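Everything below concerns the one structure shown next.
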Amino acid sequence: MASQKQMDLLLSGVPRWNTWRQSYPDVQAFEPDLHEADLHGVSLRGVDLRGSDLTGVNLQDADLQDANLQDADLRGANLRGANLSHTSFLRAKLGWADMRGAIFYHTNLKGSDLSYADLREADLEGAILSKALFKQTDLSRVDLSRVDLYHVDLREADLEGAILSRNQEENAQESEHVVTEDNVYKVQ
Numbered sequence: 137m138a139s140q141k142q143m144d145l146l147l148s149g150v151p152r153w154n155t156w157r158q159s160y161p162d163v164q165a166f167e168p169d170l171h172e173a174d175l176h177g178v179s180l181r182g183v184d185l186r187g188s189d190l191t192g193v194n195l196q197d198a199d200l201q202d203a204n205l206q207d208a209d210l211r212g213a214n215l216r217g218a219n220l221s222h223t224s225f226l227r228a229k230l231g232w233a234d235m236r237g238a239i240f241y242h243t244n245l246k247g248s249d250l251s252y253a254d255l256r257e258a259d260l261e262g263a264i265l266s267k268a269l270f271k272q273t274d275l276s277r278v279d280l281s282r283v284d285l286y287h288v289d290l291r292e293a294d295l296e297g298a299i300l301s302r303n304q305e306e307n308a309q310e311s312e313h314v315v316t317e318d319n320v321y322k323v324q
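Residue numbers for the sequence shown follow my numbering, so the first one is 137 and each next one is one higher.
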């Protein structure tokens with residue numbers, strides 16, 4: 137369970153939480169522990185959760201725009217319908233997370249592990265995905281046509297109904313990612 141003291145501090149407001157993180161950097165060595173916390177629908181816009189333990193957290197329909205989740209552990213988290221626009225997930229662990237319908241508009245997912253995650257119908261427009269791992273990730277019906285897939289590992293990802301540009305499809309095939317005409321819509 138999440139630390140009640142840290143939960144209370146976070147729910148007292150983002151400015152107070154961020155000030156605490158800046159004022160007590162020595163405490164940060166223990167990483168904020170918010171695993172399995174219920175933050176459903178909470179506004180955490182601009183929050184600093186870098187390096188936090190957020191495993192199994194419920195952030196469904198939460199507003200995390202402009203947040204810092206760099207190096208955070210969100211394995212098994214519920215991020216369904218969350219607004220994650222302009223958020224940094226640099227090197228974050230997002231495996232087994234439920235992110236169906238989440239908004240990742242211009243979000244930095246560089247070097248993140250999204251293995252086994254569910255991203256069906258998520259909005260990834262303008263997201264930075266370089267060096268991200270999508271092993272067995274469900275990307276069904278996701279529009280990837282406006283996303284740079286350079287050095288992205290899509291092996292075994294479910295791309296049924298996903299939209300890729302012709303260049304993305306060719307690059308994916310050259311790097312041994314399985315993309316077929318049967319499971320991908322093409323953008324001309």
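Ideal placement from N, C-alpha and C gives every residue a C-beta, glycine not left out. All of these numbers come straight from a predicted model, not from anything done at the bench.
Go to residue i, then tell me how far its beta strand (DSSP E) extends in each direction, as first and last residue.
i: leucine 300; result: 298-301
Here's the rule I'm using: 16 or more other beta-carbon atoms within 10 Å means buried, otherwise exposed. How should residue i be labelled?
i: serine 148; result: exposed
i: serine 266; result: exposed
i: aspartate 144; result: exposed
i: glutamine 206; result: buried
i: serine 248; result: buried
i: phenylalanine 161; result: The question names phenylalanine, but residue 161 is proline in the sequence shown. Exposed, by the Cβ-count rule.
i: aspartate 259; result: buried
i: histidine 171; result: buried
i: arginine 152; result: exposed
i: aspartate 105; result: Lying outside 137 to 324, the shown extent of the chain, residue 105 is not represented and no answer is given.
i: aspartate 174; result: exposed
i: threonine 273; result: buried
i: serine 159; result: exposed
i: glutamine 140; result: exposed
Among the candidates the options, whose CA atom is the shortest distance from the CA of residue i?
i: glutamate 261; options: Ala208, Ala228 and Ala238; result: Ala238
i: asparagine 204; options: Val178, Lys246 and Leu185; result: Leu185
i: aspartate 284; options: Ile299, Thr273, Glu292 and Asp294; result: Ile299
i: leucine 275; options: Leu255, Asp289, Glu292 and Ser281; result: Leu255
i: lysine 229; options: His242, Leu215 and Leu250; result: Leu250
i: threonine 243; options: Leu295, Leu280, Thr155 and Leu226; result: Leu226
i: glutamine 292; options: Val278, Phe270, Leu280 and Val150; result: Checking the sequence shown, residue 292 turns out to be glutamate, not glutamine. Per the Cα distances, Phe270.
i: proline 168; options: Phe240, Leu195, Ala138 and Val178; result: Ala138
i: leucine 295; options: Tyr252, Ile264 and Ala263; result: Tyr252
i: tryptophan 232; options: Leu180, Arg216, Asp279 and Tyr241; result: Arg216
i: arginine 211; options: Asn194, Ser224 and Leu220; result: Asn194
i: serine 301; options: Trp156, Tyr286 and Leu280; result: Leu280
Report back the beta-carbon spacing between residue i and residue j to the nearest angstrom; my notes put them in contact at under 8 Å.
i: glutamine 325; j: histidine 176; result: The question about residue 325 has no answer here: the residues shown for the chain are numbered 137 through 324.
Considering only their Cβ atoms, is the gap separating residue j from residue i smaller than 8 Å?
i: aspartate 209; j: aspartate 234; result: no
i: lysine 246; j: alanine 268; result: yes
i: alanine 213; j: glycine 192; result: yes
i: arginine 282; j: glutamate 257; result: no
i: asparagine 154; j: valine 183; result: yes
i: leucine 180; j: aspartate 199; result: yes
Could you pull the start and end residues of the alpha helix (DSSP H) that residue i belongs to?
i: lysine 267; result: Element bounds for lysine 267: n/a, residue is neither H nor E.
i: lysine 141; result: 140-147
i: asparagine 244; result: Segment: none, asparagine 244 is in no alpha helix (DSSP H) and carries neither H nor E.
i: valine 150; result: 150-159
Comparing the C-beta of residue i with each C-beta of chain C, is any distance below 8 Å?
i: lysine 246; result: Among the chains in the structure shown there is no chain C, since it carries only a single protein chain.
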